[in-house]
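Those protein sequence lines, which keep their order, are chains Z and U. Be aware that the first sequence starts at 0, since it is given in numbering that gives the first Met the number 0, and climbs by one per residue. Be aware that the second sequence starts at 0, since it is given in numbering that gives the first Met the number 0, and climbs by one per residue. The beta-carbon is built from N, C-alpha and C at its ideal position, and this holds for glycine as well.
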Amino acid sequence: MADATLDAKGLNCPLPILQAKKSLKDLSNGQTLEILCTDPGSVRDFEAFARATGNRLVDSGEDNGTYRFVLERVC
Amino acid sequence: MADDGMIPGNTKKMTIICTKGTLDWAYPPFILGTTAAAMDVEVTMFFTFYGLGLLDKELDLKVSPLGNPAMEMPMMGMHMGMPNMVGMLPGVTSGATAMMKNMIKKKGVASIEELREAAVLSDVRMIACQMTLDLFEKKKEDMIDGIEIGGAATWMESALQSDINLYM
Numbered sequence: 000m001a002d003a004t005l006d007a008k009g010l011n012c013p014l015p016i017l018q019a020k021k022s023l024k025d026l027s028n029g030q031t032l033e034i035l036c037t038d039p040g041s042v043r044d045f046e047a048f049a050r051a052t053g054n055r056l057v058d059s060g061e062d063n064g065t066y067r068f069v070l071e072r073v074c
Numbered sequence: 000m001a002d003d004g005m006i007p008g009n010t011k012k013m014t015i016i017c018t019k020g021t022l023d024w025a026y027p028p029f030i031l032g033t034t035a036a037a038m039d040v041e042v043t044m045f046f047t048f049y050g051l052g053l054l055d056k057e058l059d060l061k062v063s064p065l066g067n068p069a070m071e072m073p074m075m076g077m078h079m080g081m082p083n084m085v086g087m088l089p090g091v092t093s094g095a096t097a098m099m100k101n102m103i104k105k106k107g108v109a110s111i112e113e114l115r116e117a118a119v120l121s122d123v124r125m126i127a128c129q130m131t132l133d134l135f136e137k138k139k140e141d142m143i144d145g146i147e148i149g150g151a152a153t154w155m156e157s158a159l160q161s162d163i164n165l166y167m
């Protein structure tokens, strides 16, 4: 179970990333954020976001057109 | 950013020169600027010529199919480019603008106002070009708060320290 959930369904690039960044700021180091998206481009984008910022993508998957990512805040 | 625990001095930097003020061309700089800021990049946006209008308090951006052969619009169940002859008719620009704004909403794309607000909130440095202010007789009071006014050398200083410099 993630510490917080962000529903970014229906939103297009770059809103899921911008909102995820905002939500991550409210978490402390080691806490996790679950993000739900419908934008297929978000798959590569969240991988890239994690690599570039150092936050860990600990889980991801797709279910019926909804993409799910779990980011762990690392700072 | 320092409050995110990044090592000071190790922050990547980017500048974007924003030269265009239409609804379509307002997107690339604001999308990349806000995304870079979200990825801990220190962003400077320099607004010059028609791009300066993107800093107006009240935005009223438009898009025109005139002289824009790549712009296709949904018509009769397909997407078609519009002949310039049609594009120059009165009302076509406002019609095309309304259509694009409608699509923007429908597809969950951010509005320029939203992206600009995100840029402000993520401390993107925004510089209005002094020369353009003079040339187009614009006032700082007509523009959003928190911007700086500067010239080419102000951008240069920033660009010389940056990892990425884009012109849009």
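Inter-residue Cα distance where the pair is Val-62(U) and Asp-6(Z): For this step, residue 62(U) is matched to residue 63 along the second sequence. For this step, residue 6(Z) is matched to residue 7 along the first sequence. Linking Val-62(U) to Asp-6(Z) through their CA atoms gives a straight-line distance of about 31 Å.
I need the DSSP call for Met-79(U), collapsed to helix, strand or coil. For this step, residue 79(U) is matched to residue 80 along the second sequence. Assigned with DSSP and collapsed to three states, Met-79(U) falls in strand.
Kindly list, in the order they appear in chain Z, the residues whose Cβ is closer than 9 Å to that of Met-87(U). Residue mapping note: residue 87(U) aligns to position 88 of the second sequence, counting from 1. Those within 9 Å of Met-87(U) in chain Z number zero; the least Cβ separation is about 31 Å.
I need the straight-line Cα distance from Cys-17(U) to Arg-67(Z), nearest angstrom please. Indexing the second sequence from 1 puts residue 17(U) at position 18. Indexing the first sequence from 1 puts residue 67(Z) at position 68. About 34 Å.
Secondary structure of Asn-164(U), DSSP reduced to three states: Numbered from its first residue, the second sequence carries residue 164(U) at position 165. Correct three-state label for Asn-164(U): strand.
Going by DSSP in three states, Thr-52(Z) sits in which element: helix, strand or coil? Here residue 52(Z) is taken as the residue at index 53 of the first sequence, counted from 1. Of the three classes helix, strand and coil, the one that applies to Thr-52(Z) here is helix, per DSSP.
Since Phe-48(Z) meets chain U, which of its residues come closer than 7 Å, beta carbon to beta carbon? Taking the first residue of the first sequence as 1, we reach residue 48(Z) at position 49. The contacting residues are Met-38.
Gly-32(U) lies in the alpha helix (DSSP H); which residues open and close that run? Counting from 1 along the second sequence, the entry for residue 32(U) is found at position 33. From DSSP, the alpha helix (DSSP H) with Gly-32(U) extends over 26-37.
Determine the closest residue to Ser-157(U) out of Leu-51(U), Thr-92(U), Phe-45(U), Lys-104(U), with distance taken between C-alpha atoms. Along the second sequence, read from residue 1 onward, the residue named residue 157(U) stands at position 158. Proximity to Ser-157(U) across Leu-51(U), Thr-92(U), Phe-45(U), Lys-104(U) peaks at Phe-45(U), based on C-alpha coordinates.
If I measure Cβ to Cβ from Thr-65(Z) and keep anything under 8 Å in the same chain, skipping five residues before and after, which residues do I get? Counted from its first residue, the first sequence places residue 65(Z) at position 66. Closer than 8 Å at Cβ, skipping near neighbours: Lys-8, Leu-35, Cys-36, Thr-37.
Which partner residues of Pro-89(U) appear in the DSSP bridge assignment? By one-based count along the second sequence, residue 89(U) stands at place 90. According to DSSP, Pro-89(U) bridges with nothing at all.
Determine the chain Z residues that contact Lys-106(U) at a beta-carbon separation under 7 Å, and present them in chain order. Along the second sequence, one-based indexing puts residue 106(U) at 107. The answer, in chain order, is Asn-11.
Measuring alpha carbon to alpha carbon, tell me which residue in Ser-121(U), Leu-120(U), Lys-138(U) is nearest Cys-128(U). In the second sequence, the residue the question calls residue 128(U) occupies position 129. In terms of CA proximity to Cys-128(U), Lys-138(U) leads the group Ser-121(U), Leu-120(U), Lys-138(U).
The beta strand (DSSP E) enclosing Ile-15(U), as first and last residue numbers: Walking along the second sequence from the start, residue 15(U) turns up at place 16. In the DSSP assignment, Ile-15(U) falls within the beta strand (DSSP E) that extends over 12-17.
CB of Ala-36(U) within 9 Å of CB of Ala-118(U), strictly: Here residue 36(U) refers to the residue found at position 37 when the second sequence is read from its first residue. Here residue 118(U) refers to the residue found at position 119 when the second sequence is read from its first residue. Contact: yes.
So, with DSSP's three-state summary, where would you put Glu-156(U)? Stepping through the second sequence from its first residue, residue 156(U) is reached at position 157. Reduced to three states, the DSSP call for Glu-156(U) is helix.
May I ask you to report which of helix, strand or coil DSSP gives Phe-48(U)? Position 49 of the second sequence, counted from the first residue, corresponds to residue 48(U). In the structure shown, Phe-48(U) sits in a helix (DSSP, three-state: H, G or I).
May I ask which residues mark the beginning and end of the alpha helix (DSSP H) holding Ala-19(Z)? Along the first sequence, one-based indexing puts residue 19(Z) at 20. Looking at the DSSP string, the run of the alpha helix (DSSP H) that includes Ala-19(Z) is 14-24.
Leaving out the 5 sequence neighbours to the left and right, which residues in its chain are closer than 8 Å to Thr-14(U) when beta-carbon positions are compared? In the second sequence, the residue the question calls residue 14(U) occupies position 15. If the five residues before and after Thr-14(U) are omitted, its C-beta is found closer than 8 Å to the C-beta atoms of Val-42, Thr-43, Met-44, Phe-45, Trp-154, Ser-157, Ala-158, Ser-161, Ile-163, Asn-164, Leu-165, all from its own chain and listed in chain order.
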